[in-house]
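Residues in the sequence shown are numbered from 205 upward in steps of one, following the numbering used here. Remarks on the structure that follows.
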Amino acid sequence: MPTSSSRRPPLAAELDLEPHPEGGWYRRTWESGMRAHPEGYPGPRPTATAIHYVLGAGEESRWHRVRGAELWLWHRGGELTLLLGGAGEVPVSDPERVRVGPAVERGQAPQAVVPPGTWQAARPAHDEAVLVSCVVSPGFDFADFELHPGENGTTES
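Structure follows, in structure tokens:
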């Protein structure tokens with residue numbers, strides 16, 4: 205996982221993004237002004253939040269899950285492979301692969317939804333950085349975030 209701003213991909217530097225614990229680079233860009241205390245959550249949350257998220261060429265996000273639903277929106281760069289690993293105790297060995305990108309005619313989707321509590325991981329499909337936004341509802345809080353223990357990347361679950 206990147207740890208220094210000198211290794212940030214240029215796009216992440218231009219957007220002033222910081223390292224994310226799962227891998228890649230992020231910055232919160234929006235938080236709903238409305239708050240709620242969803243059932244089963246330890247406290248109130250914004251009804252939704254959004255981030256910019258960049259994965260540089262060769263970077264991967266680790267298997268992780270969040271309590272809320274997450275909407276991925278592709279903006280620029282190459283195709284992104286989003287892996288969906290189910291909602292069990294660990295990610296499944298044969299995850300669903302969603303191709304996120306601009307080429308709808310080639311089977312890519314400009315947006316994808318990760319259901320609440322679903323293991324997910326992502327990586328650029330080719331040797332090109334990818335910029336997406338992620339919207340989480342109820343809003344993201346690190347108290348609702350779980351990294352798969354001992355997982356170093358997306359190549360195995």
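Note that the Cβ used here is the ideal one computed from N, Cα and C, for glycine as well. If you're wondering where the values come from, they're calculated on a predicted model, not measured in any experiment.
>> Quick check: what's the CA-CA separation for GLY321 versus PHE344?
In response: 12 Å
> With a cut-off of 8 Å, do at least 3 Cβ pairs link the region 224-241 to the region 295-315?
Replying inline: no
>> Considering only DSSP beta bridges, list what TRP229 is partnered with.
In response: PRO223, VAL258
>> So if DSSP puts GLY281 in a beta bridge, which residue, or which two residues, is it bridged to?
In response: VAL334
> What's the call for SER297, buried or exposed, on a 16-neighbour Cβ count within 10 Å?
Replying inline: exposed
> Straight-line CA distance for GLU293 to ASP348?
Replying inline: 15 Å
> Counting contacts by CB-CB distance shorter than 9 Å, is PHE349 in contact with chain E?
Replying inline: Within the model displayed, chain E is absent; a lone protein chain is all it includes.
> Fully enclosed by the region 288-358, which beta strand (DSSP E) runs are 3 residues long or longer?
Replying inline: 300-304, 315-318, 324-328, 334-341, 349-351
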